[in-house]
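> Just so it is clear: in the sequence shown, position 4 is 793 by this note's numbering, and no numbers are missing.
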Amino acid sequence: MTAADRRPVPVDPETLHTSPVYAQGMLAPAGPLLFVGGQNGTDAEGNLLDGVEAQSAQAARNVLAVLEAGGTDLTHVVKLTILFVDGVDLGAAYAAVMPVWQGHRCAVSGMRVAGLGRPGALIEIEAIATVPAE
Numbered sequence: 790m791t792a793a794d795r796r797p798v799p800v801d802p803e804t805l806h807t808s809p810v811y812a813q814g815m816l817a818p819a820g821p822l823l824f825v826g827g828q829n830g831t832d833a834e835g836n837l838l839d840g841v842e843a844q845s846a847q848a849a850r851n852v853l854a855v856l857e858a859g860g861t862d863l864t865h866v867v868k869l870t871i872l873f874v875d876g877v878d879l880g881a882a883y884a885a886v887m888p889v890w891q892g893h894r895c896a897v898s899g900m901r902v903a904g905l906g907r908p909g910a911l912i913e914i915e916a917i918a919t920v921p922a923e
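1. What beta strand (DSSP E) runs, 3 residues minimum, are completely inside the stretch 851 to 876?
2. Here's the rule I'm using: 16 or more other beta-carbon atoms within 10 Å means buried, otherwise exposed. How should residue 900 be labelled?
3. If you compare alpha carbons, which of 799, 916, 800, 801 is closest to residue 859?
4. For the beta strand (DSSP E) that contains residue 916, what are its first and last residues?
5. Apart from the five residues just before and just after residue 849, which ones in its own chain have a Cβ nearer than 7 Å to its Cβ?
6. Along the alpha helix (DSSP H) that carries residue 823, what are the first and last residues, could you check?
7. Within the same chain, show all residues whose beta-carbon is closer than 6 Å to that of residue 831, passing over the 5 residues directly before and after it, in chain order.
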């Protein structure tokens with residue numbers, strides 16, 4: 790079985806709307822899973838970037854870095870959970886994430902929250918990904 794054979798597959802029932810951005814569900818092959826903890830828009834030194842666009846793109850890049858370190862990539866992501874501080878422009882946040890995420894579809898949940906653990910953080914992204922067999 791190749792790594793490509795182990796990629797998660799979107800599940801979009803005909804009775805539900807099909808989104809070009811997210812999947813209604815994801816069928817993940819059996820095997821190791823990587824759970825990526827919540828990533829904020831911080832740089833390599835831990836500095837929080839300014840603004841929702843910069844933080845959103847950086848949070849997505851941070852997820853990609855954890856995926857790579859764990860032996861997988863965005864094509865194996867099954868689920869994203871995105872937390873937004875209440876009042877954040879969701880359109881701007883999603884627009885900043887899309888170029889980093891390269892159009893990969895997966896199951897996504899987005900939630901508005903009163904605040905995040907780090908003061909000044911506007912977004913936090915968690916991921917679950919399969920890890921392909923070598």
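Glycine is no exception: its CB is placed at the ideal position from the N, C-alpha and C atoms.
The model shown is predicted, which means the values in this text are computed figures rather than measured ones.
A quick look at the data gives this:
1. 866 to 874
2. exposed
3. 916
4. 912 to 919
5. The residues are 886, 889, 890, 914.
6. Where residue 823 is concerned, there is no enclosing alpha helix (DSSP H), although the beta strand (DSSP E) it sits in stretches over 822 to 828.
7. Excluding residues within five positions, the ones whose Cβ falls inside 6 Å are 837.
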